[in-house]
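At position 153 of the sequence shown (counting the first as 1) the number is 152 in numbering that gives the first Met the number 0, and the numbers step up by one without a gap. Glycine residues also receive a C-beta, built at the ideal position from the N, C-alpha and C atoms. Values in this document were obtained by computation on a predicted structure and should not be read as measured data. Structure, as structure tokens:
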Amino acid sequence: MKLMLRQIIGFLFTLLLIWSCNSGNNQEKKEITEAQVNSLQRIECDNMLIELSKVEADTFGEVKSIPSDFEGCLRQLDSLTSNEMKEWIKCLPDGEFSRYVHHGFGMYLRNNWGLWGDTKLAKNLYEMGILHPDDMTGIILDSYQRRIKGEDIRLQEQLKYFQDYWRKNGMPVDSILQKLNKQEK
0 MKLMLRQIIG FLFTLLLIWS CNSGNNQEKK EITEAQVNSL QRIECDNMLI ELSKVEADTF
60 GEVKSIPSDF EGCLRQLDSL TSNEMKEWIK CLPDGEFSRY VHHGFGMYLR NNWGLWGDTK
120 LAKNLYEMGI LHPDDMTGII LDSYQRRIKG EDIRLQEQLK YFQDYWRKNG MPVDSILQKL
180 NKQEK
């Protein structure tokens with residue numbers, strides 16, 4: 000509660016500061032760009048993370064089992080994430096959570112969920128059309144962030160993004176997806 004109050008006060012102070020800078024007598028009022036808003040939001044989220052680290056609430060729980068499917072990943076992430084960390088994740092602009100934790104917590108998930116291997120989860124995600132373990136955790140983490148924010152996870156959009164990336168880099172994505180579709184039938 001105290002952390003949330005600090006966050007709200009900080010956000011209101013930031014907005015007041017921006018407003019006061021733009022409200023000069025002879026100055027033309029300017030709109031705040033999305034990039035400026037995102038930058039301010041990142042600063043606020045960074046401050047929140049600093050506060051979380053002071054009370055040692057900036058960590059995730061330990062993976063004790065491998066989920067079998069995509070929804071299981073989201074459920075397990077929810078159980079690994081404290082309420083304080085969820086507030087931090089909600090604070091971040093869309094996609095920032097996965098970028099922020101990709102090399103640390105993301106790698107931990109890839110290794111502990113067996114995404115580099117032949118696990119049921121890795122096969123399930125591959126059959127969904129997620130062709131690389133880094134992409135698997137990226138999609139899972141972005142989807143988790145959107146879900147706890149109450150947003151649509153836009154799974155098909157995410158799949159298309161990574162499949163287009165691999166197409167541009169010479170991977171035969173279409174033939175892989177065709178093979179996967181034939182195996183399903």
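Ranked by how close their Cα comes to the Cα of Phe59, the residues Gly71, Ser78 and Glu33 have Ser78 in first place. Contact between Cys72 and Ile152 is ruled out by a C-beta separation of about 12 Å, above the 8 Å threshold. Contact annotation: Gly128 and Leu158 have beta-carbon atoms nearer than 9 Å. A Cβ-Cβ contact shorter than 9 Å links Trp165 with Leu130. Sequence-distant partners of Asn37 (beyond 5 residues in either direction) whose C-beta falls short of 7 Å from its own C-beta, in its chain, are Pro92.
Judged by beta-carbon spacing, Gln144 lies within the 9 Å limit of Gly94, meaning their Cβ atoms are closer than that value. For the set Gln177, Lys119, Asp45 and Leu176, the Cα lying nearest the Cα of Glu86 is the one of Asp45. With contacts defined as CB atoms closer than 9 Å, Asp134 and Phe96 fail to qualify as a contacting pair. One alpha carbon belongs to Lys63, the other to Thr32, and they sit about 43 Å apart. For Asn110, the uninterrupted alpha helix (DSSP H) segment begins and ends at Met106 to Asn111. The DSSP-derived three-state label of Gly103 is helix. Rounded to the nearest whole angstrom, the C-alpha separation of Arg74 and Met170 is 31 Å.
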